[in-house]
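S.K.: Can you read through this structure? Questions will come right after.
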Amino acid sequence: MGKAPHHLHRFHGGLHLPANKTLSSGSPIRALPIPARLVIPLSQHIGTAADVMVKVGEPVLRGQMIARAQGYVSVPIHASSSGTVVDITDHLIPHPSGLSAPCIIIETDGKDTAVDDTLSADHTQLDPSELRNRIRQAGIVGLGGAGFPSFIKLNPGTNRPIATLLINGAECEPYISCDDRLMRERAADVIGGAAILKHALNATECVIAVEDNKPEAIQALRDAIAQRSVSDFAVVVIPTLYPTGGEKQLIQVVTGREVPSQGLPADVGVICHNPGTAAAVHRVFALGEPLISRIITVTGTGVREPGNVEVRVGTPMADVIAACGGYTDRAQRLLMGGPMMGFAVGNDATPVIKTTNCLLVAGGNELPLPQAPLPCIRCGACVDVCPAKLLPQQLYWYAHAKDFDKVQDYSLFDCIECGCCAYVCPSHLPLVQYYRFAKTEIWNQEREREKADIARQRHEYRLFRLEREKDERAARLQQKQAALKTAKGETTAEDPKKAAIQAALERAKAKKASAGVMPKNTDNLTEAQQQAITNADERRRNRDSSTATRSEDA
Ligand code: SF4
Ligand code: SF4
């Protein structure tokens with residue numbers, strides 16, 4: 219490339235682990251046959267489960283949306299092949315809890331008929347908002363294992379400009395080689411998808427970081443970049459050390475910047491995506507294909523033909539193992555993920571989902587079996603290896619005591635569950651299990667608190683509404699009464715002017731009525747007095763009548 223070598227940095231702790239990748243990394247990716255039944259969980263991502271859009275008995279096509287996103291942190295789910303929905307029910311899902319969750323069961327028809335394409339486009343003609351929308355509609359989530367909806371990471375906000383799109387090709391977990399094979403065989407897809415992600419982020423540069431134990435992938439990526447003649451793309455080779463593939467650790471190695479505690483990569487101007495995610499984004503725009511398949515590593519001495527296979531989402535793990543030659547006599551434990559961050563799967567009827575990167579069938583003593591835990595001896599070995607610079611023994615202590623406030627004071631949520639602490643612990647303490655337990659409990663408490671807050675707000679609003687309706691009813695009644703009084707000619711107390719006029723009228727009326735009544739002090743009169751009055755009245759009447767006659771004559 220003619221560029222100066224990239225200056226690298228180091229993160230705290232970490233481990234050099236036996237890689238055990240050659241079991242699976244030697245042979246090319248194989249596409250597995252479509253299974254007879256697909257078991258497609260509604261929740262395959264971080265966030266709210268998708269909402270079912272189909273009914274039992276309904277025919278579906280490959281790529282058809284069968285469950286829509288619910289809320290912001292959610293993505294839709296699509297049918298991985300054509301067939302008929304035969305059930306919508308709880309089914310085992312890959313989760314450390316081993317619980318069941320709602321799934322759509324499809325009986326495939328073998329035709330694999332695709333739905334009409336509504337996604338493909340020339341990405342350079344679309345603005346970032348439309349790019350994010352299509353990536354969401356295609357159900358794309360982080361394929362590195364976390365399953366965070368990718369469109370959200372493409373929207374860091376205007377106050378956080380992104381300098382670097384970092385493609386995380388570290389793949390540091392032992393045994394897993396699916397990203398290695400993808401980068402070797404489909405480097406053009408990875409670079410094509412990275413170009414779309416970079417355009418959506420308006421990022422200045424794209425760095426693809428790959429561990430130095432993957433020379434073929436490094437070369438293939440460099441060739442793909444050369445073919446596109448892009449100057450703002452670079453492949454950076456980083457030392458092999460577990461867990462360099464942790465987002466924060468990789469950012470530190472490549473840029474020297476430390477993502478703050480509780481912070482996001484965008485806070486230091488970086489967004490990280492997995493090469494599998496980039497290739498899936500490429501397929502959306504080049505082929506109009508939503509996320510319905512992925513490449514997974516099938517490995518361990520418990521499976522006959524380890525390798526990397528392309529699998530439809532929803533394929534039962536038993537079908538995948540069978541297509542890889544079946545179990546060997548040594549097969550003892552089935553894990554989803556690698557030996558450090560994976561978890562045991564109790565039943566191989568469990569389906570492959572969007573975040574399944576590896577099925578590890580451990581044989582015999584291939585992986586250490588859990589041992590009886592002993593008391594912490596405060597040796598500090600866990601502190602030395604923790605890449606997040608935490609105090610694992612303190613976290614364990616407070617998680618064990620269920621002191622969820624204290625465990626958060628020790629930055630529990632900065633723990634990336636890499637397992638380095640448990641790996642070196644001489645007391646065999648299942649440290650990561652305690653951290654997962656504490657996180658789940660805290661999330662549950664948060665959810666309960668949110669539910670309680672919503673319930674309280676609803677109750678307060680109801681009281682407010684009832685009070686408002688009561689006031690409105692009273693106002694309406696008053697208006698009615700006022701209208702009735704007006705109709706009867708009465709005044710209302712609300713019109714003091716009218717009331718004053720009415721009172722004045724009443725007073726005038728009364729005065730008028732009393733005007734014709736002369737005071738008569740005629741009680742208890744003597745006969746003579748009475749006769750005198752009668753005579754006086756007689757004279758007045760005569761005088762009045764003669765005056766009236768004169769007036770008429772005149
Ligand atoms: S490594 Fe184990 S025993 Fe040693 S301090 Fe950490 S938790 Fe305790
Ligand atoms: S699991 Fe968590 S606490 Fe243990 S080493 Fe990894 S980041 Fe540190």
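The letter at position 254 of the sequence shown is residue 472 when you use my numbering, and the numbering goes up by one with no holes. Glycine residues also receive a C-beta, built at the ideal position from the N, C-alpha and C atoms.
Could you tell me if Q480 is buried or exposed, where buried requires 16 or more neighbouring beta carbons within 10 angstroms of its beta carbon?
M.R.: Flag for Q480 reads exposed.
S.K.: Can you give me the C-alpha to C-alpha distance between K273 and T307, rounded to a whole angstrom?
M.R.: Rounded to whole angstroms, K273 to T307 spans 11 angstroms at the Cα level.
S.K.: Can you list, in chain order, every residue whose CB sits closer than 7 angstroms to a heavy atom of ligand 4?
M.R.: This structure simply doesn't include ligand 4; it includes ligand 1 and ligand 2 instead.
S.K.: Is DSSP giving F682 helix, strand or coil here?
M.R.: If DSSP states are grouped into helix, strand and coil, F682 belongs with the helices.
S.K.: So L439 and I489 are supposed to be a Cβ contact under 8 angstroms. How far apart are they, rounded?
M.R.: At roughly 18 angstroms, the Cβ-Cβ gap does not stay under 8 angstroms, so L439 and I489 are not in contact.
S.K.: Assuming Q480 is part of the beta strand (DSSP E), what are its boundary residues?
M.R.: Q480 -> no beta strand (DSSP E), and no H or E assigned at all.
S.K.: Please name the residue, chosen from Q343, D485, P367, that lies closest to G265 on a Cα-to-Cα basis.
M.R.: Residue P367 is the option with its Cα nearest to G265.
S.K.: Please state whether DSSP places N662 in a helix, a strand or coil.
M.R.: Three-state DSSP puts N662 in a helix.
S.K.: What separation, rounded to the nearest whole angstrom, lies between the Cα atoms of Y641 and N575?
M.R.: About 21 angstroms.
S.K.: State the CB to CB distance for the pair E434 and I247, rounded to an integer number of angstroms; the pair is presumed to be in contact (CB under 8 angstroms).
M.R.: With a Cβ gap of about 13 angstroms, E434 and I247 do not count as contacting.
S.K.: Considering only residues of the same chain and omitting the five flanking positions on each side of T458, which have a CB-CB separation below 8 angstroms?
M.R.: Excluding positions up to five away in sequence, the list reads H234, A237, C390, E429, D430, N431.
S.K.: With a threshold of 8 angstroms between beta-carbons, can C633 be considered close to chain B, or not?
M.R.: Given the protein chain composition of this structure (a single chain), no chain B is represented.
S.K.: What do you get for D547, buried or exposed, if any count of 16 or more other CB atoms within 10 angstroms of its CB means buried?
M.R.: Counting Cβ neighbours within 10 Å, D547 comes out exposed, since fewer than 16 surround it.
S.K.: Between the beta-carbon of P610 and the beta-carbon of C600, is there less than 8 angstroms?
M.R.: Yes, Cβ-Cβ distance for P610 and C600 is below 8 angstroms.
S.K.: Can you name, in chain order, every residue of its own chain whose Cβ lies under 6 angstroms from the Cβ of R399, other than the five neighbours on each side?
M.R.: So the list reads I247, N526, once near-sequence residues are dropped.
S.K.: Helix, strand or coil for V502 per DSSP?
M.R.: Helix.
S.K.: Taking the C-alpha atoms as reference points, what is the distance between V582 and G487?
M.R.: For the sequence presented, residue 582 should be read as Gly rather than Val. So the two alpha carbons sit approximately 46 angstroms from each other.
S.K.: With a 10 Å radius around its C-beta and 16 neighbouring C-beta atoms as the bar for buried, classify Q470 as buried or exposed.
M.R.: Q470 is buried by the Cβ-count criterion.
S.K.: Where N753 and N760 are concerned, what is the direct C-alpha to C-alpha distance, given to the nearest angstrom?
M.R.: N753 and N760: Cα-Cα distance of roughly 11 angstroms.
S.K.: Between the Cα of V531 and those of Y545, A606, L361, spot the shortest distance and give me the residue it belongs to.
M.R.: Of the listed residues, the one whose Cα sits closest to V531 is L361.
S.K.: What's the C-alpha gap between G301 and L256?
M.R.: Straight-line Cα distance between these residues: approximately 9 angstroms.
S.K.: Quick check on DSSP: helix, strand or coil for D441?
M.R.: D441 falls in the helix class under three-state DSSP.
S.K.: Relative to ligand 1, is the shortest distance from any of its heavy atoms to the C-beta of L233 smaller than 7 angstroms?
M.R.: L233: no, Cβ never under 7 angstroms from ligand 1.
S.K.: Taking only heavy atoms of ligand 1 into account, decide whether any of them is closer than 7 angstroms to the Cβ of V642.
M.R.: Because some heavy atom of ligand 1 lies under 7 angstroms away, the Cβ of V642 counts as near it: yes.
S.K.: Do the region 529 to 545 and the region 564 to 579 touch if we need at least three Cβ pairs shorter than 8 angstroms?
M.R.: Output reads yes: the region 564 to 579 touches the region 529 to 545.
S.K.: Taking I381 as the reference, give the member of V472, T336, G387 with the closest Cα.
M.R.: Strictly speaking, residue 381 in this sequence is Ala, with Ile absent from that position. Cα-wise, what sits closest to A381 is V472.
S.K.: Would you say the beta carbon of L647 is closer than 7 angstroms to some non-hydrogen atom of ligand 1?
M.R.: Yes.
S.K.: Please report the straight-line C-alpha distance between M736 and A728, rounded to a whole angstrom.
M.R.: Confidence in M736 is poor, its pLDDT being 48 and thus under 50, which makes the residue's placement unreliable; the coordinate value appears in the next sentence. Their Cα atoms are separated by approximately 15 angstroms.
S.K.: On the DSSP bridge assignment, give the partners of S511 in chain order.
M.R.: Paired residues: R530.
S.K.: Between which two residues does the beta strand (DSSP E) holding F451 run?
M.R.: Where F451 is concerned, the enclosing beta strand (DSSP E) stretches over 451 to 456.
S.K.: Are L613 and L592 close, meaning C-beta to C-beta below 8 angstroms?
M.R.: Contact flag unset, no.
S.K.: Relative to the C-alpha of E584, which residue among L241, A726, G506 is closest?
M.R.: For the residues L241, A726, G506, the minimum Cα distance to E584 belongs to L241.
S.K.: Is the CB-CB distance between N386 and H491 below 8 angstroms?
M.R.: Yes, Cβ-Cβ distance for N386 and H491 is below 8 angstroms.
S.K.: Between which two residues does the alpha helix (DSSP H) carrying A285 extend?
M.R.: No alpha helix (DSSP H) contains A285, which is instead part of the beta strand (DSSP E) from 283 to 286.
S.K.: Restricting to Cα atoms, I'd like to know which of D566, V625, Q663, E635 is closest to Q651.
M.R.: Ranking D566, V625, Q663, E635 by Cα distance to Q651 puts E635 first.
S.K.: Look at the alpha carbon of P253 and the alpha carbon of H646, and state the distance between them as a whole number of angstroms.
M.R.: Each residue's alpha carbon lies about 40 angstroms from the other.
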